[in-house]
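A.B. asks: If you use this note's numbering, the sequence shown corresponds to residues 10 to 674, in order.
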Amino acid sequence: GMGVVYEAEHEDIERRVALKILRPEASLDATLKERFRAEARAASRIGSPHIVEIFDFGELPDGRLLFAMELLEGKGLDVALERGPLDPSRAIGILRQICKGLAAAHEADIVHRDVKPDNVILVAADDGRPDFAKLVDFGIATVMAQEGDDTGAGTPLYMPPEQINGEAFDGRLDMYAVGCLAYELLVGAPPFGGETVDEIITAQLESAPPSIVNQRPDVPVALEAVVLRCIAKAPRDRYADMHDLEAALCEAQIESELATPWDDLPLPRVTGERLDRLRRQMPQHAAPEPQRRWVWPAIAAVSMAIAIVVTILLLTSKPEVTPEQENVVETLTNKAREYGAKANWVFPPESDKSATALIQVLALENLEDASTELALERAGALRREFATTLIGLGNKYWADAEGKAYARDYYAQAYLFNPENPTIRERSGYTVGELAELREKAKSKQFSAREVKQGRLFSALAETDEGKRAELVQEIVDSDELLSASNGDRLMALAGGGRKATRRRKPDARESDSGDGDDDDDGATSRPQPKTTSDPQADRRQREANKARSRELAKEGLSALGKRKYRNAEQLFNRALDLDSRNTTALIGLSDLNFEEQKFSRAIDFAERAIKVAPRNGGYRIKLGDAYFKVLKYSKAREHYERALELGHRDAAQRIKKVKDKTGK
């Protein structure tokens, strides 16, 4: 480890402490020593009961750093895991405490960077309850990180992609580690493993975690969804902060009807309706009374008798549903069926993000009054009804090679209504994490404009009348909402009605032989359709016009990419490739876009396509090498850097040195 821990007596505070002395090599660098002191000061001021208290820190005469901290009489979470996975209720109680400790640290601008089971100590609480969680080793990871390279800190099994890649990070770095730890508590092993460090790191960057519920069917699906969101590859796809995560754990506990030994913890710091719901629905833990049976035996007997009578009364009396409450249930039920009839089961129309069948079903399930039983009965019936409809649509398109992709989306929507059906999960092709993300977006009404437009296509393909279905799909094709022009004909064939896709465009002053359309507000333009004629000269002119328009669209895509309008840029690059599949500007633009979004495998694919067209472009070689470097394929990265050097690229030598520094050869 980083040092040795001794039990000692602190003379000034007259208290037994744990004294940690760091090994010499961790204490030599003056800059690192100052960073340690600054962070130790901050950590000592955090003041959370779930973070080990730091009493003092300093330096020995030989320069080694030391600090005195609270002496804990307990065992690490890693020891608890030696006996196997934890019960979900026990895991939630421990995880909530970890969230509270990290939330306090993050508010003090401290990121732990090395959250793992052996850095969580379980001690007895003041009231004797076990599993009081304490986080240790704050500030220590910083000492092991070289200046400007925090990848040196941390443990590979719990490291998020941004830490591995040496990128900017915030508290969501710790959240990822908590997700890996939570996964291990429930399954018995971290989500991403391997025989070597390189294999583990590659898995952290590229692999999807195996399903928790497939390994442990007793783990609630709602809890699995929370854990998987924590270990999303991109920080933006995780929870906003530790308060948000703790609230999600509470919500999963409520949905799963669990009670934990730590339900008396203060509620997470969230606001509004979310906090109100937690206040209403979280179980209240009552600490056990002192065992004083010899005192007041008569009162104890009377109290027990009263409790029995009260329990009987509560069980036998049922409040009547008022007309107003029944009307609320009827309204929500009717709205759910109305939105379902419009095929807005999960994805809303553009006009109203609340107008989905799923939102109404969830509202029914959240009613807490005399109508609860009636509301849950209706919600259950609606879930079965909508799941059956969506499975039917999935089955319809599953048999068609062109329709299988859309079938998967119908199955994914069906899963949100019936998560107990293993077949629809498997057929959807979605990972458990992707299904959890879809569910969260649907619940929180956070679909992007692009996803809402995609939902419009699902609604169109759900139309039972073939002629009407073809009209609806044609409207979508006309509105130019598809990324690829070639999808138009395939969609029309899928919709039926004997039509082929056509484009109705508004003419303007820029209209030319190439068929250019109007620019829309964000720079996207209607794409021309390639034409063929019996005149070779006309065909050649058309091809040249298409290439010219493709170059123009790619240029607009670069502009959008520079403004970080990623979806607009992606659309423009794809339009350019519709007209000229060898447009290297569009290909390398898509590589850059995917690189920015940390989708390195896709970045590699597009860069390789660009190099096939322009093998002597050193800049493209550098970009491909950079993408390979990110996925730790150093030999492939070096191969392309060396080719770039042969082509005279000025940055190639520096890139080759970086590979040598990393690999030692």
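Using N, Cα and C, we set each Cβ at its ideal position, and we do this for glycine too. Just so you know, these numbers come straight off a predicted model, no measurement behind them.
If you follow the alpha helix (DSSP H) that L586 is part of, which residue opens it and which one closes it?
C.D. replies: Start and end: Y575 to L588.
A.B. asks: Return the CA-CA distance between A569 and Y575, expressed in angstroms with no decimal places.
C.D. replies: About 7 Å.
A.B. asks: When burial is assigned at 16 or more other CB atoms within 10 Å of the CB, is K242 buried or exposed?
C.D. replies: When all chains shown are included, K242 counts as buried.
A.B. asks: When DSSP labels each residue in this structure, what does K666 get in the three-state scheme?
C.D. replies: In this structure, K666 counts as helix in the three-state DSSP scheme.
A.B. asks: How would you write the range of the beta strand (DSSP E) that K143 sits in, first residue to last?
C.D. replies: F141 to L144 is the span of the beta strand (DSSP E), which, as asked, contains K143.
A.B. asks: So, is N343 buried or exposed, given that buried needs 16 or more other C-beta atoms within 10 angstroms?
C.D. replies: So N343 ends up on the exposed side.
A.B. asks: Use the C-beta contact count for R573: other C-beta atoms within 10 angstroms, 16 or more gives buried, fewer gives exposed.
C.D. replies: R573 should be labelled exposed.
A.B. asks: Excluding the 5 residues flanking A17 on each side, which residues of the same chain have their C-beta closer than 6 Å to its C-beta?
C.D. replies: Counting only Cβ-Cβ distances below 6 Å, and skipping sequence neighbours, we find V26 and L28.
A.B. asks: Taking the CB atoms as reference points, tell me whether F147 and H115 lie closer together than 7 Å.
C.D. replies: No, these two residues do not count as a Cβ contact at 7 Å.
A.B. asks: For L90, which residues from the same chain have a beta carbon less than 8 Å from its beta carbon, with the 5 sequence-adjacent residues on both sides left out?
C.D. replies: Cβ within range, chain order: P126, E193, L194 and G197.
A.B. asks: Is the beta carbon of I221 closer than 7 Å to that of E233?
C.D. replies: Closer than 7 Å, so yes.
A.B. asks: Determine the closest residue to L287 out of E260, A421, C108 and Y643, with distance taken between C-alpha atoms.
C.D. replies: Answer by Cα proximity: E260.
A.B. asks: Among A256, E79, N336 and D65, whose alpha-carbon lies nearest the alpha-carbon of L376?
C.D. replies: Comparing Cα-Cα distances from L376 to each of A256, E79, N336 and D65, the minimum goes to N336.
A.B. asks: Kindly indicate which three-state DSSP category F426 falls into: helix, strand or coil?
C.D. replies: Looking at F426 - three-state DSSP - the assignment turns out to be helix.
A.B. asks: So for V461, helix, strand or coil by DSSP?
C.D. replies: Here V461 sits in helix by DSSP.
A.B. asks: Identify which residue in V61, F66, T594 and I60 has its Cα closest to the Cα of R50.
C.D. replies: Cα-wise, what sits closest to R50 is F66.
A.B. asks: Express the C-alpha separation of G72 and P219 in angstroms, rounding to a whole number.
C.D. replies: Taking the straight line joining both Cα atoms gives about 46 Å.
A.B. asks: Per the DSSP calculation, G67 is bridged to which residue(s)?
C.D. replies: For G67, which the question treats as bridged, DSSP gives the partners L75.
A.B. asks: Quick one: residues in its chain with C-beta nearer than 6 Å to the C-beta of D670, no 5 flanking neighbours on either side, listed in chain order?
C.D. replies: Cβ neighbours of D670 beyond the five flanking positions: none.
A.B. asks: Which residue from L596, V622 and P226 puts its Cα closest to that of R611?
C.D. replies: Answer by Cα proximity: L596.
A.B. asks: Can you tell me where the beta strand (DSSP E) with V129 in it begins and where it stops?
C.D. replies: From DSSP, the beta strand (DSSP E) with V129 extends over V129 to V132.
A.B. asks: So for V355, helix, strand or coil by DSSP?
C.D. replies: V355 falls in the coil class under three-state DSSP.
A.B. asks: Specify the secondary structure class of V124 as computed by DSSP and reduced to three states.
C.D. replies: Looking at V124 - three-state DSSP - the assignment turns out to be coil, as it is neither helix nor strand.
A.B. asks: Tell me the rounded alpha-carbon separation between Q255 and A408.
C.D. replies: In the sequence on display, residue 255 carries Glu and not Gln. Distance between the alpha carbons of E255 and A408: 43 Å.
A.B. asks: If you draw a straight line from the alpha carbon of T331 to that of D378, how long is it in whole angstroms?
C.D. replies: Between T331 and D378, the C-alpha separation is close to 10 Å.
A.B. asks: Between A653 and R618, is the Cβ-Cβ spacing less than 7 Å?
C.D. replies: Contact flag unset, no.
A.B. asks: How many Å lie between V88 and N128 at the Cα?
C.D. replies: Spanning the two alpha carbons is a distance of roughly 11 Å.
A.B. asks: Taking D253 as the reference, give the member of A268, L284 and E264 with the closest Cα.
C.D. replies: The option with the nearest alpha carbon to D253 is L284.
A.B. asks: Can you give me the Cβ contacts of R499 inside the same chain, cut-off strictly under 6 Å, excluding the 5 residues immediately before and after it?
C.D. replies: Taken in chain order, the residues that qualify are E411.
A.B. asks: Ignore the nearest five residues each way along the sequence and tell me which others in K362's own chain have a CB closer than 8 Å to its CB.
C.D. replies: K454, F456 and V461.
A.B. asks: Only counting the same chain, and skipping five residues up and downstream in sequence, which positions put a Cβ closer than 7 Å to that of N174?
C.D. replies: Correct list, in chain order: K639.
A.B. asks: Between L399 and Q369, how many whole angstroms is the CB-CB distance? I'm expecting something under 8 Å.
C.D. replies: Not confirmed; about 15 Å, so no contact.
A.B. asks: Rounded to whole angstroms, what's the CA-CA distance from L391 to I101? Just pull it up for me.
C.D. replies: Cα-Cα distance, rounded: 30 Å.
A.B. asks: Take the Cβ of E171 as the centre, count every other Cβ of all protein chains shown within 10 Å, and call the residue buried at 16 or more, exposed below.
C.D. replies: Looking at its Cβ environment, which holds 16 or more other Cβ atoms inside 10 Å, E171 is buried.
A.B. asks: Taking the alpha-carbon positions, what's the P292 to A502 distance?
C.D. replies: C-alpha separation (whole angstroms): 54 Å.
A.B. asks: Which whole runs of the beta strand (DSSP E) in the region 196-254 are 3 residues long or more, in chain order?
C.D. replies: Complete beta strand (DSSP E) runs here, min 3: none at all.
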